[in-house]
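Engineer: Dumping the structure here so I can ask a few things about it.
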Amino acid sequence: MRIAIPWPKSVLQWASNNHFTMKIGVQLPEVERVVRWPEVRRMAVLAEDAGFDSLWVGDHYLYRDGSDERGPWEAWTQLAAIAAVTSRIEIGPLVASLPFHNPAVLAKMASTVDEVAGGRLTLGVGSGWNTTEFDAMGLPFSRRVARFEESFGIVRRLLAGETVTMSGEFYELEQCVLLPVSQRDRPVPMMIGSMGPRMLDITLAHVDAWNAWFAEFDNRPELIAPVLQRLRHACDRVGRDFATLEKSVALLLDFGTDEPRRGSHNAITGSAAQMAQSLHAVAEAGIDHVQLVLDPITEATVTQAAEVAALFRG
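Just so you know, we're using full-length UniProt numbering here: the sequence shown kicks off at 1 and counts up by one.
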């Protein structure tokens with residue numbers, strides 16, 4: 001049962017607007033603090049009711065920084081639950097580390113979550129980077145880009161409805177197919193979360209979207225343009241039409257906290273109007289979709305972020 005929320009008029013106007021120029025999403029809590037499912041659920045419903053376009057979860061297992069150990073909830077279990085308690089908002093991992101998963105099983109999970117969500121999943125993918133969680137979970141870290149390449153081909157082909165038989169360096173499949181067949185009229189959209197030249201060469205000809213974490217451009221909207229220029233060159237290398245690729249970035253917003261997020265020295269701060277101006281700068285740089293990373297991430301800051309988005313929409 002949902003609780004009626006007295007949204008500000010500006011937020012309601014934004015939510016009813018149907019000619020958005022840049023999608024705006026929110027990343028749900030990861031390891032900033034321990035957030036139990038009832039609160040995660042409320043945040044997800046809150047974000048949908050506020051008119052956000054998308055919800056994202058990280059795909060990680062464990063962080064270890066000196067004596068500080070932190071771990072998030074498992075991404076795909078969360079996504080299935082979020083799919084079940086929402087009805088409109090797009091959802092996805094930001095991003096799924098393919099070397100964590102058997103690719104055929106991951107494709108099956110993505111197809112199932114997309115079914116629960118009624119066709120709202122975007123499958124963000126990457127190769128992983130955090131050696132701590134690879135080691136802790138007994139997962140091989142070496143040659144992870146090679147593993148990614150083989151996995152990516154398997155996932156992509158299965159989601160496209162192919163029956164796959166192959167004997168690769170890392171995986172062997174015998175007449176693997178995803179059944180039941182998806183009700184979508186096209187495969188689950190895929191998004192690459194990387195600026196690595198080899199990763200882009202592997203994926204850009206096939207994915208629907210690209211994403212950069214805020215560290216890639218130092219969380220400064222004015223530094224997005226050079227990143228997009230590098231992306232354009234990568235598209236040219238593989239013959240991908242740059243204009244057909246959805247460009248997205250994560251952007252860190254600081255709503256005031258005594259314990260700022262690690263690496264948040266360039267977080268966007270200020271009034272709602274000032275934050276909205278930063279969103280305008282992101283859109284003007286050529287970004288189609290922004291995922292807001294909120295510091296801190298609470299129900300209150302989700303509401304504040306909705307007000308920022310409303311000002312951006314005008």
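Think of the CB as a built atom: it goes at the ideal place given N, C-alpha and C, for glycine as much as any other residue.
Every value quoted in this text rests on a predicted model; they were computed, and no experiment measured them.
For glutamine 291, count the other beta carbons within 10 Å of its own beta carbon; 16 or more makes it buried, fewer makes it exposed. Which is it?
Structural biologist: Answer is buried; the Cβ neighbour count reaches 16.
Engineer: Write down the C-beta distance between leucine 179 and alanine 104 rounded to the nearest angstrom, noting that I regard them as a contact closer than 8 Å.
Structural biologist: Actually they are not in contact, since the Cβ atoms of leucine 179 and alanine 104 sit about 12 Å apart, beyond 8 Å.
Engineer: To the nearest angstrom, how far is the alpha carbon of arginine 2 from that of leucine 223?
Structural biologist: Interpretation of arginine 2 is limited by its pLDDT of 44, a score under 50 that renders its predicted location unreliable; no figure is taken from the coordinates.
Engineer: Count the CB pairs spanning the segment 134-147 and the segment 82-94 that are closer than 8 Å, and state whether there are at least three.
Structural biologist: Counting Cβ pairs under 8 Å, fewer than three are found: no touch.
Engineer: What distance in whole Å lies between the Cβ atoms of leucine 228 and valine 293, which are believed to be in contact at a cut-off of 8 Å?
Structural biologist: 20 Å between Cβ atoms; not a contact.
Engineer: Measuring straight from C-alpha to C-alpha, what distance separates glutamate 299 and glycine 25?
Structural biologist: Distance between the alpha carbons of glutamate 299 and glycine 25 is about 15 Å.
Engineer: Specify, as a first and last residue, the run of the alpha helix (DSSP H) that valine 188 falls within.
Structural biologist: Taken as a continuous stretch (DSSP letters only), valine 188 belongs to no alpha helix (DSSP H), as it is neither H nor E.
Engineer: Determine the DSSP secondary structure at proline 8, reduced to helix, strand or coil.
Structural biologist: Legend: pLDDT at proline 8 = 46, less than 50; position of this residue unreliable, no value from coordinates given.
Engineer: Determine the direct distance from the alpha carbon of valine 45 to that of alanine 276, and round the result to whole angstroms.
Structural biologist: Straight-line Cα distance between these residues: approximately 23 Å.
Engineer: In three-state DSSP terms, what is valine 125?
Structural biologist: Strand, per DSSP.
Engineer: What is the DSSP secondary structure of glycine 72, counted as helix, strand or coil?
Structural biologist: A small correction: the amino acid at residue 72 is proline; glycine does not occupy that position in the sequence shown. In this structure, proline 72 counts as coil in the three-state DSSP scheme.
Engineer: So for valine 45, helix, strand or coil by DSSP?
Structural biologist: It is helical.
Engineer: Express the C-alpha separation of alanine 50 and alanine 306 in angstroms, rounding to a whole number.
Structural biologist: Roughly 6 Å separates the two Cα atoms.
Engineer: Would DSSP call valine 31 helix, strand or coil?
Structural biologist: Coil, per DSSP.
Engineer: Return the first residue and the last residue of the alpha helix (DSSP H) that glutamate 133 is part of.
Structural biologist: Here the alpha helix (DSSP H) through glutamate 133 covers 131-136.
Engineer: Using the Cβ count rule (16 or more neighbours within 10 Å means buried), how would you classify threonine 163?
Structural biologist: It counts as exposed.
Engineer: Taking only the alpha-carbon atoms, compute the straight-line gap between valine 249 and alanine 107 and give it to the nearest angstrom.
Structural biologist: If I take the Cα positions, the gap works out to 24 Å.
Engineer: Grab the span of the beta strand (DSSP E) containing proline 296 for me, first residue to last.
Structural biologist: Per DSSP, proline 296 belongs to no beta strand (DSSP E) and is neither H nor E.
Engineer: Look up tryptophan 37 in the DSSP assignment and give the residues it is bridged to.
Structural biologist: None, per the DSSP bridge assignment.
Engineer: Apart from the five residues on each side of it in sequence, which residues of its chain come closer than 6 Å, Cβ to Cβ, to methionine 199?
Structural biologist: Taken in chain order, the list of residues that qualify is empty.
Engineer: Taking the DSSP output, what are the residues bridged to serine 248?
Structural biologist: Answer is Asn211 and His289, bridged to serine 248.
Engineer: Assign glycine 118 to one of two classes, buried (16 or more other C-beta atoms within 10 Å of its C-beta) or exposed (fewer than that).
Structural biologist: Glycine 118 comes out exposed.
Engineer: Round the Cβ separation of glutamate 246 and histidine 289 to the nearest angstrom and send it over; I've been treating them as touching at under 8 Å.
Structural biologist: That pair is a contact at about 6 Å.
Engineer: Can you say whether valine 302 is buried or exposed, counting buried as having 16 or more other CB atoms within 10 angstroms of its CB?
Structural biologist: Valine 302 comes out buried.
Engineer: Considering just the uninterrupted stretch of the beta strand (DSSP E) at arginine 64, what are its terminal residues?
Structural biologist: Start and end: 63-65.
Engineer: Could you check the C-alpha separation between tyrosine 63 and glutamate 284 for me, to the nearest Å?
Structural biologist: Rounded to whole angstroms, tyrosine 63 to glutamate 284 spans 35 Å at the Cα level.
Engineer: Which whole-angstrom value describes the C-beta separation of alanine 205 and arginine 240, a residue pair presumed to lie in contact below a C-beta threshold of 8 Å?
Structural biologist: At roughly 5 Å, the Cβ-Cβ gap stays under 8 Å, so alanine 205 and arginine 240 are in contact.
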